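J.: Letter by letter, the sequence shown follows residues 0 to 363 of numbering that gives the first Met the number 0. The beta-carbon is built from N, C-alpha and C at its ideal position, and this holds for glycine as well. Just so you know, these numbers come straight off a predicted model, no measurement behind them.
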Amino acid sequence: MPALPKRIGVLTGGGDCPGLNAVIRAVTKSAIWRGGIEVIGIEDGFLGLIEDRCRRLTDVDVSGILATGGTILGANNKIDPARYPVDRDGKTEFVDMTDRCVENLRRRRIDALVVIGGDGTMTVAASFVKRGVNCIGLPKTIDNDLHGTDVTFGFASAVAVATDALDRVHTTAASHHRVMVVEVMGRNAGWLALHAGIASGSDIILIPELPYDLEVVCQKIRQRSQHGKRYSIVCAAEGARPIGGQQVVDRYDPNLPEPVRLGGVGRVIAHQIEGHTGIETRFTVLGYTQRGGSPVPQDRVLATEFGCAAVEMLLTGQHNRLVVMKGRTLSHIDILEAAGRQRLVPTDHPLIHAARCVGTSFGV
Ligand code: F6P
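#1: Who are L10's beta bridge partners in DSSP?
#2: Can you tell me the Cα-Cα spacing of P296 and G277, whole angstroms?
#3: On the criterion of 16 or more Cβ atoms from any shown chain inside 10 Å, does E214 qualify as buried, or is it exposed?
#4: Roughly how many angstroms lie between the CA atoms of P241 and R24, to the nearest whole one?
#5: Should E237 be listed as close to ligand 1, given that the test is whether its C-beta is under 7 Å from any heavy atom?
#6: Looking at G185 and ligand 1, is the gap between the Cβ and the nearest heavy atom below 7 Å?
#7: So what does DSSP say about G40, is it helix, strand or coil?
#8: Is it right to say E360 is buried, meaning 16 or more other beta carbons lie within 10 angstroms of its own, or is it exposed?
#9: For the pair the segment 254-274 and the segment 139-153, tell me if three or more CB-CB distances fall below 8 Å.
#10: What is the residue span of the alpha helix (DSSP H) that K28 lies within?
#11: Can you name the start and end residues of the alpha helix (DSSP H) that C307 belongs to?
#12: L261: beta carbon under 7 Å from a heavy atom of ligand 1?
#13: Please go through the same chain and pick out, in chain order, the residues whose beta-carbon is closer than 6 Å to the beta-carbon of M96, but skip the five residues on each side of it.
#14: For R52, tell me which candidate among A161, F282, I204 and L10 has the shortest Cα-Cα distance.
#15: Classify E50 as helix, strand or coil using the three-state DSSP reduction.
#16: Could you tell me if S62 is buried or exposed, where buried requires 16 or more neighbouring beta carbons within 10 angstroms of its beta carbon?
#17: If contacts are defined as beta-carbon pairs under 8 Å, then N133 and L343 qualify, I think. What distance do you get, rounded to the angstrom?
#18: Going by CA-CA distance only, name the one from D118, I78, P207 and C234 that's closest to G244.
#19: Below 8 Å between beta carbons: does that hold for V247 and G227?
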């Protein structure tokens, strides 16, 4: 049996989401109380590791944070250690800082690193693993799109926010006899739109995995109108795209680990619907409200399970595992397997079938 870690690092990679503090708390408390392991919190994700910014976390530091949004460690989703921007005589050059990260971990005698993140974070972790660092991954993201796990923490909270917003939009749509398009996040995956759309009884759900036909969308709205329903609710994933068309890109920065930022499809679709049907149409973009605020109980529970499981991995001498939830069972897979892989909605997913059964259109 390999020596058990005496000191571990923990960092939150990528963008924030509800439940990060809950998972930091679970890792820290269970490492200290179960294993007598010292916990070092690394600030601002991989940026803090490059810049060697970290601090010891005690059980007191993580007390009272279970229900709070954000991350006490800070987040950064712009830095890839393999391409760190350095200013040289006014010109930006990209330098590989992976070795420096590993060096900083060794110098601080950190025996294992708990990385909390999505596919991008696991990709960086994979580069550390290849240099001999033991990394234990924990799946977070509101997009629910990490390969290998059925669920990530943060997702349930984002679904709750989006559902609440859709419910609110529903009543004003009915009052004004309008079509309301609500754009939700999710990157290239439609999980968030699918769940919030079903939970709110949206009439039309548009997801990236099922490119839509605008005419089918408009036909559904007209039909509802003819049957006395003088309003319709469209829940559109930010990654939704028409058949044969492109996603709507808000920003493109080739220097970011993930160059494309999606956004704007809600506005585009709303204008098209109004133009085609003549029915007044408005749009709402939920944006970062889906990532902020207190985690719902389901995410607090999941984050606690994940955090404790990470420490269990370390105490049982496991290396380079990603803790996952399959069905209702906690399990783990090789962290390298999840690196850079997105889990999209299968087009024959039972939830798509269920939504269709209650008359929801996917615009195809
Ligand atoms: O991955 C989480 C997420 O919120 C996506 O749903 C969204 O496309 C992206 O991050 C936004 O990233 P940023 O915080 O860089 O704007």
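T.: Quick look at the numbers:
#1: V114
#2: 43 Å
#3: exposed
#4: CA-CA distance, P241 to R24, rounds to 43 Å.
#5: yes
#6: yes
#7: strand
#8: Residue identity check: residue 360 is Ser in the sequence provided, not Glu. S360 is buried by the Cβ-count criterion.
#9: no
#10: L19 to G34
#11: P296 to L314
#12: yes
#13: I49, P80 and Y83
#14: L10
#15: Looking at E50 - three-state DSSP - the assignment turns out to be coil, as it is neither helix nor strand.
#16: exposed
#17: Not a contact, Cβ separation roughly 30 Å.
#18: P207
#19: no
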